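To start, the structure under review is shown below, and the notes come after it.
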Amino acid sequence: MVESLARLGHLGLHALARIGRGHLLLLGILGGLPSLAARPRLLLAQVYNVGVLSVLIIAVSGLFVGMVLSLQGHYVLSQFGAAESLGVMVAASLVRELGPVVTALLVAGRAGSALTAEIGLMKATEQLSGLEMMAVDPVKRILTPRFFGGLVSMPLLAALFSAVGVIGGWFVGVGLLGVDEGAFWSQMQNKIDFREDIVNGVIKSLVFGWVVTWIALFEGHDAIPTSEGVSRATTRTVVHSALAVLGLDFVLTALMFGD
Amino acid sequence: MPRLRTLEILVGAFMTAGFLALFFLAMQVSNLSADVGSEGYRLQARFENVGSLKVRAPVTIAGVRVGRVEAIDFDPRRFEALVTLRMDPRYRQIPEDTIASIFTAGLLGEQYIALAPGGSEANLGDGGLLEHTQSALVLEQMIGQFLFKKAEEG
Chain A
1 MVESLARLGH LGLHALARIG RGHLLLLGIL GGLPSLAARP RLLLAQVYNV
51 GVLSVLIIAV SGLFVGMVLS LQGHYVLSQF GAAESLGVMV AASLVRELGP
101 VVTALLVAGR AGSALTAEIG LMKATEQLSG LEMMAVDPVK RILTPRFFGG
151 LVSMPLLAAL FSAVGVIGGW FVGVGLLGVD EGAFWSQMQN KIDFREDIVN
201 GVIKSLVFGW VVTWIALFEG HDAIPTSEGV SRATTRTVVH SALAVLGLDF
251 VLTALMFGD
Chain B
1 MPRLRTLEIL VGAFMTAGFL ALFFLAMQVS NLSADVGSEG YRLQARFENV
51 GSLKVRAPVT IAGVRVGRVE AIDFDPRRFE ALVTLRMDPR YRQIPEDTIA
101 SIFTAGLLGE QYIALAPGGS EANLGDGGLL EHTQSALVLE QMIGQFLFKK
151 AEEG
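Protein chains in written order, with our numbering: chain A, 1 to 259; chain B, 1 to 154.
Quick look at the structure:
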């Protein structure tokens, strides 16, 4: 009885300590912003790592998601004689939900895991301690550029995803299924609001970019410095990022569109 | 990792592509390009019943969109809805005796305001009031009237 109570307490304290370390790390990362502003070159390499290297998978996924949305949407909408609303359906689902969420999940899998493994290995091979020995703050020098690289890349990738998806939806809807092209675009432009839909989508992807890179960097920085520890941390990054993105998406959607 | 110069070019191309995608979403997908915005002039119209007319709903003449609904307020003294229309500044010549009606696009579509221009020489200016209006048709009312008439006949 007492033993299980103690175990529960240990788990709770452990979780709280991790949350606390995570927030302290985030503070340290944000504190590195002035030194990053002095050396913007560091950001460049990280935007390349997170952003440029993810373009291919994002564009291809966006294209196929848009095409599938168009196919499935046409199946349902044509039953109500409302196939002209296909453009609205494709664009709204992409811009509001799928763009930010699927991009965040893909980035967590492609770039987040890489970030965790990189930082974890730096820790395991004592490169971070080495930097500290040379009086260089590893959080400011290593983590801050990676964090802002992710934060900058995510909304751009999400916009790319949505745009390519709309074009894919247009290709299938107008090109293959014969929906009227004018109705496809004009209904879309009538119903999709810039402030309500597109800006909210960008805000969502900014939040996801923040959370996904934060989790990835924290897991790497907090990993047990062995090969097993790094591999576990990498797994945790993907799982926790996906859960955080999906959970936050519900909260954000409820706040933005839930009235 | 590529050389610094290549890196810069690739990152620059990525950022450009991202912002172009955003621009495409803003102009081609959303209503930003079609927005009259804060330009244009205002017209007002009173309706007995606006049905499910929404703010931002289109205002059309002869089926062409010439503006948007900017605000829908309730006038507590006359118990009527006061609808403010934001009109495209290109279309200044709206005759004084224009009729504003609330119609529904399709069977399940959204409601919009259709203006049927009158024959008056004088045009409405900024803030002008459309005197002649026709309320939205409420389906339940129509069915009620229809049944009532049937009962009277038979």
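Glycine included, C-beta positions come from ideal geometry on N, C-alpha and C. From a predicted model like this one, the values you see are computed outputs, not experimental measurements.
Contact belief for residue i with residue j at Cβ below 8 Å, rounded distance in angstroms
i	j	result
A:Gly32	A:Thr144	3 Å
A:Val154	A:Ala108	One detail in the question is off: residue 154 of chain A reads as Met in this sequence, not Val. Their Cβ separation, rounded to whole angstroms, is 10 Å, which puts A:Met154 and A:Ala108 out of contact at 8 Å.
A:Ser222	A:Arg21	Looking at the sequence shown, residue 222 of chain A is not Ser but Asp. Confirmed, Cβ separation roughly 6 Å.
A:Val50	A:Gly150	5 Å
B:Val66	B:Ala57	Not confirmed; about 13 Å, so no contact.
A:Ala59	A:Val166	Not confirmed; about 13 Å, so no contact.
A:Leu43	A:Leu53	That pair is no contact at about 15 Å.
A:Ala159	B:Ala21	4 Å
A:Val238	A:Ser113	5 Å
B:Asp75	B:Leu82	5 Å
B:Leu129	B:Ala45	7 Å
A:Asp193	B:Ser52	That pair is no contact at about 17 Å.
A:Gly120	A:Ala6	The pair is not a contact, with the Cβ atoms about 30 Å apart (cut-off 8 Å).
A:His23	A:Gly173	A:His23 to A:Gly173, Cβ: 46 Å. No contact.
A:Gly220	A:Glu118	7 Å
A:Leu77	A:Val90	Not a contact, Cβ separation roughly 10 Å.
A:Ile203	A:Ala244	Between A:Ala244 and A:Ile203 the Cβ distance is about 16 Å, and since that is not below 8 Å, they are no contact.
A:Leu86	A:Phe184	6 Å
A:Phe161	A:Val102	7 Å
A:Leu106	A:Ile57	6 Å
Identified DSSP bridge partners for residue i
i	result
B:Tyr112	B:Phe103
B:Ala45	B:Val83 and B:Leu130
A:Ile19	For A:Ile19, which the question treats as bridged, DSSP gives no partner whatsoever.
Same chain only: Cβ atoms within 8 Å of residue i, ignoring 5 sequence neighbours per side
i	result
B:Gly118	Pro95, Glu96, Asp97, Thr98, Ile99 and His132
B:Met87	Val36, Gly40, Tyr41, Arg42, Leu43, Val59, Val66, Gly67 and Ile94
B:Gly18	none
Own chain, CB closer than 7 Å to residue i, minus 5 neighbours either side, in chain order
i	result
A:Arg146	Gln46, Leu115, Thr213 and Leu217
A:Arg141	Leu131
B:Glu80	Arg46, Phe47 and Glu48
B:Leu4	none
Contacting residues, own chain, Cβ-Cβ under 6 Å from residue i (five flanking each side not counted)
i	result
A:Thr235	none
A:Pro225	Lys123 and Ala124
A:Ser205	Pro100, Met154, Pro155 and Ala158
A:Ile198	Val95
A:Gly168	Leu63, Gly66 and Met67
B:Ser135	Phe47, Glu48 and Asn49
B:Leu115	Ile61, Thr98 and Ala100
A:Gly28	Val139
Any non-hydrogen atom of the ligand SAM within 7 Å of residue i CB
i	result
A:Thr103	Because no ligand of any kind appears in the structure shown, any question about the ligand SAM cannot be addressed here.
Ordered list of beta strand (DSSP E) runs contained in the region 130 to 218 of chain A, each at least 3 residues: none
Length-filtered (4 minimum) alpha helix (DSSP H) runs lying within the region 26 to 89 of chain A: 33 to 38, 41 to 50 and 55 to 77
Interfacial residues, the region 191 to 211 of chain A to chain B, with Cβ spacing under 7 Å: Listed in sequence order: Ile192, Asp193, Phe194, Asp197 and Ile198.
Within 8 Å of chain B by C-beta, residues of the region 81 to 95 of chain A in sequence order: Ala82, Ala91 and Val95
Contiguous beta strand (DSSP E) assignments of at least 3 residues, all confined to the region 50 to 97 of chain B: 58 to 61, 64 to 75 and 80 to 87
Uninterrupted alpha helix (DSSP H) stretches inside the region 2 to 31 of chain B (no shorter than 4 residues): Listed in chain order, the alpha helix (DSSP H) elements of length 4 or more contained wholly in the region 2 to 31 of chain B are 4 to 24.
Residues of the region 39 to 53 of chain A with Cβ closer than 7 Å to any Cβ of chain B, in chain order: Leu44, Ala45, Val47, Tyr48, Gly51 and Val52
Residues within the region 109 to 127 of chain A neighbouring chain B, beta-carbon criterion of under 7 Å: none
Residues, ordered as in the chain, of the region 75 to 97 of chain B that lie near chain A by beta-carbon distance below 9 Å: none
The region 3 to 15 of chain B: positions lying closer than 9 Å to chain A by Cβ: For the region 3 to 15 of chain B, the set of positions with a beta-carbon nearer than 9 Å to some beta-carbon of chain A reads Leu4, Leu7, Glu8, Leu10, Val11, Ala13, Phe14 and Met15 in chain order.
Proximal residues, the region 163 to 189 of chain A versus chain B, C-beta separation under 8 Å: Contact residues of the region 163 to 189 of chain A toward chain B are Ala163, Val164, Val166, Trp185, Met188 and Gln189 (C-beta to C-beta distance below 8 Å).
Within 8 Å of chain A by C-beta, residues of the region 52 to 63 of chain B in sequence order: Taking 8 Å as the Cβ-Cβ cut-off against chain A, the residues of the region 52 to 63 of chain B that qualify are Arg56 and Pro58.
Chain B contacts from the region 57 to 79 of chain A (Cβ-Cβ distance under 7 Å): Cβ contacts with chain B come from no residue of the region 57 to 79 of chain A.
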